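Undergrad: Pasting in a structure now, in structure tokens, and then I'll have a few things to ask.
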Amino acid sequence: MTFSSGVILWLWEKQDPLRLVKYKSEFFKEFQAASVAFCYMLINNYVTWIVLTKVLTFPREIVESTGIFSLPLWVRFVTAFVLKELVYYIIHRMQHANEYTWLTHKWHHSSQSVWWLAAQRSSLTSEILYTFSVIWFPLLGIPLELMTIVSLHGAFQNNWIHLNVKSQPWMKILEWIYVTPRFHSLHHYDMRGRNFGDSLTIFDRLFGTYLDPDTYHLDENQSAGIDEPVTVKMIVGI
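In terms of my numbering, the sequence shown is residues 1393 to 1630.
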């Protein structure tokens, strides 16, 4: 899903780019980074399996004993999704909070260009941290089929919000609820710590980290990445 949706969205990106990206020279470097991140994802999937089958068994039984599972599936699903977004926001904001937690996220911000393939840079420690954002789905008894859909949506969303495309009028309307490329691009270009949301913009609005794309002017020569060489420790996230 990551690469198939990325390639499809790339067609739009190449037709209407926000910034000039030298795709030919960037592709191989970012593909290598994405390959490392894919290996991390496999490791994290194993960690997630342990969490779901070993760690969460007892907490899930406690939640089930409260009668929450008698609620309609759609109510539990929406609740789990909103809680996932809240925990994602907290973790993401925490990663930018100090020099130690920043180590887990630095690699993601090391690319000088924001585009879908560069978005795959995610350290091992970052992957593991974000596992805690999805524990609500098994805790609330969400079927595996729906959790798979959430996972596929997450892969698509990561490509979507990192697209190097120009702002469109309809994006402003969508941003009342949903994160768009122009919304998230400011997170990379404005390093003060804004627009942390993954799929929903509500928590940035509630907690004072929302930066309106209509009020921010991007300098044509403004870099998106940190000015540091990429190291093995950065790639691992330590």
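The beta-carbon is built from N, C-alpha and C at its ideal position, and this holds for glycine as well. Bear in mind the structure is a predicted one, so any value in this text is a computation, not a measurement.
1. Leaving out the 5 sequence neighbours to the left and right, which residues in its chain are closer than 7 Å to lysine 1498 when beta-carbon positions are compared?
2. Between the Cα of glutamate 1537 and the Cα atoms of Phe1469, Arg1513, Gly1600, Ser1462, which residue gives the shortest distance?
3. Take serine 1518 as the anchor and find which of Trp1494, Glu1405, Arg1584 has the nearest alpha-carbon.
4. Are the Cβ atoms of lysine 1564 and leucine 1410 separated by less than 7 Å?
5. Taking the continuous alpha helix (DSSP H) assigned at histidine 1579, which residues delimit it?
6. Per DSSP, which one or two residues make a beta bridge with proline 1409?
7. Excluding five sequence neighbours on each side, which residues of the same chain lie with their C-beta closer than 8 Å to the C-beta of isoleucine 1483?
8. Give the DSSP-derived three-state secondary structure of leucine 1610 in the structure shown.
9. Please classify lysine 1414: is it buried, with 16 or more other beta-carbons within 10 angstroms of its beta-carbon, or exposed?
10. Just mark proline 1464 as buried or exposed, buried being the case when its beta carbon has 16 or more other beta carbons within 10 Å.
11. With serine 1427 as the anchor, note down where its alpha helix (DSSP H) starts and where it stops.
12. If I follow the unbroken alpha helix (DSSP H) through threonine 1601, where does it start and stop?
13. What is the C-beta distance between serine 1615 and glutamine 1504, in whole angstroms, given that I count them as a contact (C-beta under 8 Å)?
14. Take valine 1428 and list the residues in its own chain whose beta-carbon comes closer than 7 Å to its own, dropping the five residues that flank it on each side.
15. DSSP puts tyrosine 1522 in a beta bridge; with which residues?
16. How is the alpha helix (DSSP H) around tryptophan 1528 delimited, first residue to last?
17. For phenylalanine 1461 and leucine 1448, I'd like the C-alpha separation in whole angstroms.
18. For leucine 1478, list the residues DSSP reports as bridge partners.
19. Spatial neighbours of glutamine 1549 within its chain, please: C-beta separation below 7 Å, excluding the five flanking residues on both sides.
20. Under DSSP, the alpha helix (DSSP H) around phenylalanine 1450 begins and ends at which residues?
21. Inspect the beta-carbon positions of histidine 1554 and alanine 1511 and report whether they are closer than 7 Å.
TA: For this structure:
1. The answer, listed in chain order, is Ile1618, Met1626.
2. Among Phe1469, Arg1513, Gly1600, Ser1462, the Cα nearest to that of glutamate 1537 is on Phe1469.
3. Answer by Cα proximity: Trp1494.
4. The answer is no: Cβ separation not under 7 Å.
5. Run containing histidine 1579: 1573–1581, per the alpha helix (DSSP H) assignment.
6. DSSP output for proline 1409 lists Val1557 as bridge partner(s).
7. Closer than 8 Å at the Cβ level, and outside the excluded window around isoleucine 1483, lie Leu1521, Tyr1522, Phe1524, Ser1525.
8. In the structure shown, leucine 1610 sits in coil (DSSP, three-state: anything other than H, G, I, E or B).
9. Counting Cβ neighbours within 10 Å, lysine 1414 comes out exposed, since fewer than 16 surround it.
10. It counts as exposed.
11. Per DSSP, serine 1427 belongs to the alpha helix (DSSP H) from 1415–1442.
12. Note, threonine 1601: premise wrong, no alpha helix (DSSP H); not H, not E.
13. Yes, serine 1615 and glutamine 1504 are in contact; Cβ-Cβ is about 5 Å, under 8 Å.
14. For valine 1428, where only same-chain residues beyond five positions count, the Cβ hits under 7 Å are Ile1627.
15. Looking at the DSSP output, tyrosine 1522 sits in no beta bridge, so it has no partner there.
16. Unbroken alpha helix (DSSP H) run through tryptophan 1528: 1528–1531.
17. In this structure, the CA atom of phenylalanine 1461 is about 16 Å from the CA atom of leucine 1448.
18. Residue pairing for leucine 1478: DSSP places it in no beta bridge.
19. Here the set comprises Asp1590, Ser1591.
20. Looking at the DSSP string, the run of the alpha helix (DSSP H) that includes phenylalanine 1450 is 1449–1457.
21. Yes; because the gap between Cβ atoms is below 7 Å, this pair is in contact.
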